[in-house]
């Protein structure tokens with residue numbers, strides 16, 4: 031996995047984790063990590079849920 035460390039500010043710390051295909055799999059902010067569950071069977075990968083409890087609902091129509 032590749033890591034990108036976002037802009038640095040005195041009070042913020044951001045870290046993003048990506049797969050080899052360039053899909054974001056996790057986001058770390060100030061010591062807390064959010065992981066993403068993706069639907070890789072969809073024509074374009076979509077986020078289905080996150081480890082912080084947020085749920086994304088996508089559909090055709």
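Numbering (my numbering), first residue to last: 31 to 91.
In this text, a Cβ means the ideal position worked out from N, Cα and C, and glycines have one as well.
#1: Pop quiz: residue 45 and residue 33 are said to be a contact at Cβ under 8 Å. What is the actual Cβ separation, rounded to whole angstroms?
#2: How long is the line joining the alpha carbons of residue 73 and residue 67, rounded to whole angstroms?
#3: Have a look at residue 59 and residue 65 and give me their C-alpha separation to the nearest angstrom.
#4: Sorted by chain position, which residues of the same chain lie with C-beta nearer than 6 Å to residue 43's C-beta, five sequence neighbours on each side aside?
Let me lay it out:
#1: 6 Å
#2: 16 Å
#3: 12 Å
#4: 60
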